[in-house]
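Chain order of the listed sequences is A and B. Heads up: the first sequence begins at 398 in the numbering used here, then just goes up one per residue. Heads up: the second sequence begins at 83 in the numbering used here, then just goes up one per residue. Backbone N, C-alpha and C define an ideal beta-carbon position, used for all residues, glycine too. Note sheet for the following structure.
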Amino acid sequence: MSDSLAGRLPAPPRGSTPAYGQQGSSANLADILERVLDKGVVIAGDIQINLLDIELLTIKLRLLVASVDKAKEMGIDWWEHDPSLSSRARPARESEARPGSDALAEENERLRAELDRLRSAAGLPGAAGPQEQPAPAEREEER
Amino acid sequence: MSTRTDTPDGLPGPGGDQLTYVYAVGREGPALHGLAARLPGVDGRPLHAVGADGLCALVSLVPADTFSEQGLAAQMEDLARLETLARSHHAVVDAAFAETPVLPMRLATVYLDDARVAGMLVRRRGEFEDLLGRLEGHVELGMKVYADPRTADTPAPAAVASSGAGAGRAYLERRRATRRRDQDAYRAASDVVGRAAQLTQGVVASRVVHRPQEGQLASHSGVNVANEAYLVPRARTEELRRALTALADGVPGVSVEVTGPWAPYSFATAPPAEHPDGGEGR
């Protein structure tokens with residue numbers, strides 16, 4: 398689903414909108430997600446991802462931006478299937494893996510081993526899917 | 083209540099097949115209506131303005147299937163889609179904020195139709211007015227401090243090892259040197275964080291601490307030891323940016339990244355009283 402969806406969607410409107418300061422379209426995705434998903438005015442709209450999904454999403458965001466190890470332990474790895482993300486996220490890091498940086502090499506090895514372990518246990522349940530509850534036709538705001 | 087809606091020409095009006103997506107709320111006036119006329123929204127959808135009781139929401143009509151409860155959940159699960167949505171949402175907020183004070187809504191705030199948005203504006207008028215008043219004249223700056231021992235200007239561990247000692251001893255020396263260099267960098271980084279706190283005191287109106295970025299999306303090298311947001315009087319933005327950036331000058335193994343100005347996302351969370359479920363203000 399993600400491939401077909403991503404494939405037929407236009408690219409983000411980079412440069413097509415006036416930038417404010419330096420944040421317009423060039424801002425770091427982690428910085429943007431941190432703000433648009435975790436901050437901003439929260440009001441209960443009529444259409445909502447139910448509370449459980451919001452909670453899951455928040456957890457995923459934190460893992461995505463905060464700790465990939467924990468995410469993998471929990472079997473949450475949806476970003477790994479996204480080639481655009483992995484190819485964008487990786488080169489910068491690999492270029493820094495200079496020989497002699499022992500800690501980094503060790504960490505790399507540890508993460509690879511962990512990844513192999515998780516891949517071999519492929520039967521694990523993945524990230525929980527969306528809840529199958531019908532959307533409430535009308536939802537009054539909380540209060 | 084006075085309600086005013088500019089539905090763009092050539093689009094079907096609000097109905098069963100479309101929903102209203104809200105980006106931001108500001109004060110009613112020509113600024114937001116002008117922005118709506120020329121900015122693209124999510125998926126290139128046109129924007130329009132929904133006004134009520136002196137407030138105005140920037141919105142787009144979006145397809146009901148994609149933005150239903152299940153549609154939204156699916157979009158959130160797909161990172162490429164989430165990025166597109168997040169960037170489009172942010173682009174609207176950012177462009178609007180450049181011209182007039184607006185409150186950014188959280189991503190994917192969706193209503194059945196424009197009338198429901200107008201009703202929400204009327205019911206929450208007090209809360210929105212308070213926030214707009216408090217945030218007016220301010221911008222948000224982000225600051226992240228990184229410790230990156232590998233960039234420290236200390237003797238490279240490999241050089242320390244060339245002493246003619248045995249391989250085991252050389253290894254231990256190398257490890258010791260690395261550990262020392264790492265400790266120095268972390269100590270220097272926390273010193274920079276402390277100096278940032280002093281520097282911002284009395285300048286910023288408010289401060290929010292975000293989680294350090296350490297995951298897949300954290301593109302910066304080094305370890306993020308502090309990730310903060312400041313609510314800064316607009317006139318002092320550049321001064322503070324320069325001062326914060328300069329904190330890491332001449333400090334080996336430490337770097338400071340200042341982002342912004344942002345619309346005040348981190349300070350636009352509603353008062354806790356409005357959210358008895360405690361989902362707010364974290």
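- Sequence-distant Cβ neighbours of V333/B in its own chain, meaning closer than 7 Å and more than five residues away, are A270, V274.
- The shortest CA-to-CA distance from V144/B to any of V305/B, A278/B, V104/B, A234/B is the one to V104/B.
- If you check each beta-carbon in the stretch 279-301 of chain B against every beta-carbon of chain A, the ones closer than 9 Å belong to V290, H292, R293, P294, Q295, E296, G297, Q298, L299, A300, S301.
- The Cβ-Cβ distance between V107/B and A200/B does not fall below 9 Å.
- Nearest Cα to N309/B within the set A118/B, R293/B, G284/B, T182/B: R293/B.
- In terms of Cβ geometry, L508/A and A168/B do not form a close pair [threshold 9 Å].
- DSSP places P315/B inside the beta strand (DSSP E), whose first and last residues are 305-315.
- T191/B is the residue among T191/B, A345/B, L322/B, H115/B whose C-alpha sits nearest the C-alpha of D443/A.
- A Cβ of chain A is located within less than 9 Å of the beta carbon of E151/B.
- Annotated three-state conformation of I444/A is strand, per DSSP.
- Under the three-state reduction of DSSP, E222/B is assigned to strand.
- Annotation: V307/B to L299/B spans about 16 Å, alpha carbon to alpha carbon.
- Taking the Cα of D196/B as reference, the smallest distance to any Cα among T102/B, G208/B, E211/B is reached at T102/B.
- The C-alpha of Y268/B is placed about 24 Å away from the C-alpha of A252/B.
- Beta-bridge analysis with DSSP links Y228/B to N306/B, S337/B.
- The C-alpha of H115/B is placed about 29 Å away from the C-alpha of G224/B.
- Against chain A, the CB of V336/B has no partner CB under 9 Å away; the residue lies outside that interface.
- Ranking A113/B, L140/B, R109/B, P112/B by CA distance to the CA of V124/B puts L140/B first.
- Of all residues in the stretch 177-207 of chain B, only A177, F179, A180, L185, P186, M187, R188, L189, A190, T191, V192, Y193, L194, R198, M202, R205, R206 place a beta-carbon less than 8 Å from a beta-carbon of chain A.
- Straight through space, the alpha carbons of E255/B and A249/B are spaced by roughly 10 Å.
- Taking every protein chain shown into account, the CB of D513/A has fewer than 16 other CB atoms within 10 angstroms, so this residue is exposed.
- Neighbourhood of R432/A in chain B, by CB distance below 7 Å: W344, Y347, S348, in chain order.
- Distance from the CA of A118/B to the CA of A173/B, rounded to the nearest whole angstrom, comes to 13 Å.
- Cβ proximity to chain A below 9 Å picks out G126, A146, F149, S150, E151, Q152, G153, L154, A155, A156, Q157, M158, E159, D160 from the stretch 126-160 of chain B.
- Counting only residues of its own chain and dropping the five nearest sequence neighbours on each side, T182/B has a CB closer than 6 Å to the CB of G108, A113.
- For L189/B, there is no enclosing alpha helix (DSSP H); the residue is part of the beta strand (DSSP E) that begins and ends at 184-193.
- Pairing V438/A with T351/B gives a Cβ-Cβ distance under 9 Å.
- Here S348/B is buried: its Cβ has 16 or more other Cβ atoms, across all protein chains shown, within 10 Å.
- At a cut-off of 9 Å, the C-beta of T327/B has no neighbouring C-beta in chain A.
- Using beta-carbon distances, A119/B does not count as an interface residue toward chain A, since no partner is under 9 Å.
- About 15 Å separates the beta carbons of R198/B and D135/B, which is beyond the 8 Å limit, so they are not a contact pair.
- Of the residues assessed, A279/B falls on the exposed side of the cut-off, its CB having fewer than 16 other CB atoms within 10 angstroms.
- For Y268/B, the enclosing alpha helix (DSSP H) has its first and last residue at 249-282.
- With respect to the 9 Å criterion, Y228/B and H302/B are classified as neighbours on the basis of their beta carbons.
- Inclusion of P186/B and P346/B in the CB contact set at 9 Å is warranted, their separation being smaller than that value.
- Cβ-Cβ distances below 6 Å link V291/B to E310 in the same chain, with the five nearest sequence neighbours on each side left out; the list follows chain order.
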